[in-house]
Amino acid sequence: MADEAVSPREAVTRLLHGSISMQTNPSHPRGCLVALSGTVRAPGAGEAGVRKVVAARRGADRAHIRACVVRGMTTGELAEDTDADGVTSMIHGFLLGISTQVCDGTSAGHLHAAADAVLANRHARER
């Protein structure tokens with residue numbers, strides 16, 4: 232996301248499709264700990280530290296996505312009046328939702344098609 236040699240559009244494409252490929256690869260555990268741990272609220276004090284760590288990671292991920300969106304606005308890849316927070320939430324929400332879909336058995340093909348739909352929606356707003 233931070234590599235400015237890669238266009239913001241390509242960075243988001245790589246982020247979504249790369250995450251899907253990794254999470255659905257049979258050689259890796261299914262899903263993503265950063266996303267899935269946010270759905271489990273263990274009551275113990277020890278678990279609170281873990282929740283803080285993964286919440287901070289999600290916050291950092293959101294910030295990187297937002298910076299990429301703003302870079303797209305600055306370079307003209309996205310319209311100047313783009314709702315940076317709305318687009319960031321759309322991309323980050325989809326990214327986090329991949330894990331749940333993977334754990335529910337959704338195929339990589341369906342997830343890649345869904346990512347393409349998210350990307351098409353984003354690109355349609357650019358015009």
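First residue of the sequence shown: 232, per my numbering; consecutive thereafter.
Every residue, glycine too, gets a C-beta built ideally from N, C-alpha and C.
Since the structure is predicted, the reported quantities are computational estimates derived from the model, not experimental observations.
- With respect to the C-alpha of C299, the residue from T313, A286 and A345 having the closest C-alpha is T313.
- Contact between the region 232 to 241 and the region 251 to 259 is absent: fewer than three C-beta pairs spanning the two stretches fall below 8 Å.
- Distances from the CA of A351 to each of M321, T337 and S338 were compared; the closest alpha carbon is that of M321.
- DSSP places C334 inside the alpha helix (DSSP H), whose first and last residues are A315 to C334.
- H259 is positioned such that its CB atom lies no closer than 9 Å to that of D292.
- In the structure shown, the three-state DSSP call for T337 is coil.
- About 7 Å separates the Cβ atoms of L326 and L246, confirming a contact at the 8 Å cut-off.
- Between A315 and M304, the gap from beta carbon to beta carbon is short of 9 Å.
- Distance from the Cα of C334 is smallest, within the candidate group V243, A345 and L264, for L264.
- Contact check for H343 and H248: beta-carbon distance about 6 Å, within the 8 Å limit, so the pair qualifies.
- The DSSP-derived three-state label of G307 is coil.
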